[in-house]
Amino acid sequence: MSTYKELRGLRVKYVPTDTTSPSTAAAGDVWYNTASYQLKAYVGRPAWSASASLIVAKEQLAGAGTQSSAFAAGGISGTDVQNKSEEYNGSGWASGGDLNTGRRNVTGAGTQTAGLISGGNVGPSDTRTTLCEEYNGTSWTAGENLGTARYALAGAGTQTAGLAVGGYDNTNNVDVCEEYDG
Numbered sequence: 181m182s183t184y185k186e187l188r189g190l191r192v193k194y195v196p197t198d199t200t201s202p203s204t205a206a207a208g209d210v211w212y213n214t215a216s217y218q219l220k221a222y223v224g225r226p227a228w229s230a231s232a233s234l235i236v237a238k239e240q241l242a243g244a245g246t247q248s249s250a251f252a253a254g255g256i257s258g259t260d261v262q263n264k265s266e267e268y269n270g271s272g273w274a275s276g277g278d279l280n281t282g283r284r285n286v287t288g289a290g291t292q293t294a295g296l297i298s299g300g301n302v303g304p305s306d307t308r309t310t311l312c313e314e315y316n317g318t319s320w321t322a323g324e325n326l327g328t329a330r331y332a333l334a335g336a337g338t339q340t341a342g343l344a345v346g347g348y349d350n351t352n353n354v355d356v357c358e359e360y361d362g
């Protein structure tokens, strides 16, 4: 059986109080509290950290990809519905291709070089749409439209195996789930 010293190269600290607290401890710290006769450890938790800001501040946009290769498209900035997309490389954002139709409350799926956005509101009104567009890392092209016009929906998957789920149709929440095969 391995010892803590063999694993971490350190001996367990003996302390009369919890001087090593989660606010000052590093992940993996272990100590023995001699007052409470307890062995304690701090495992650590993953957290969010700040990164580069979008080029244009906006809301109700779609996004997909990975932490080092993603896209964000559509949305609304003030009262201006956006047709712009931006690409993220892990450290900053750059301008991408323009959507054929600007819209907000869209959903995204896929990757930066094989992206997909669907649904949403065309213009600043609540005019819902069935529009779908595919992204190849350079430009957006029309894809096969959704069967049900809606906005504020969720998306997942890839450009050739995507899902569009739920949403709102100006009157009700909808329970529709549609598959996309490219």
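Residue 275 in this note's numbering sits at position 95 of the sequence shown, with consecutive numbering throughout. We treat Cβ as the ideally placed atom computed from N, Cα and C, and that holds for glycine. Since the model is a prediction, treat every value here as computed from it, not as a measurement.
Q. Just reading off the beta strand (DSSP E) that residue 314 is part of, what are its end residues?
A. Here the beta strand (DSSP E) through residue 314 covers 312-315.
Q. Looking at the structure shown, is residue 187 part of a helix, part of a strand, or coil, going by DSSP?
A. Assigned with DSSP and collapsed to three states, residue 187 falls in helix.
**Q.** Exposure label - residue 238; buried when at least 16 CB within 10 Å
**A.** Around the beta carbon of residue 238, a 10 Å sphere encloses 16 or more other beta carbons of the protein chains shown; the residue is thus reported as buried.
Q: State the start and end residues of the unbroken beta strand (DSSP E) segment that holds residue 235.
A: In the DSSP annotation of this structure, residue 235 is not part of any beta strand (DSSP E), being labelled neither H nor E.
Q: Output the boundary residues of the beta strand (DSSP E) element that contains residue 320.
A: For residue 320, the enclosing beta strand (DSSP E) covers residues 320-322.
Q: Alpha carbon to alpha carbon, how far is residue 270 from residue 232? Give it in angstroms, no decimals.
A: Between residue 232 and residue 270, the C-alpha separation is close to 9 Å.
Q) Do you know offhand how far residue 221's Cα is from residue 191's? A) Whole-angstrom Cα-Cα distance: 13 Å.
Q) Terminal residues of the continuous beta strand (DSSP E) containing residue 212? A) Element bounds for residue 212: 210-213.
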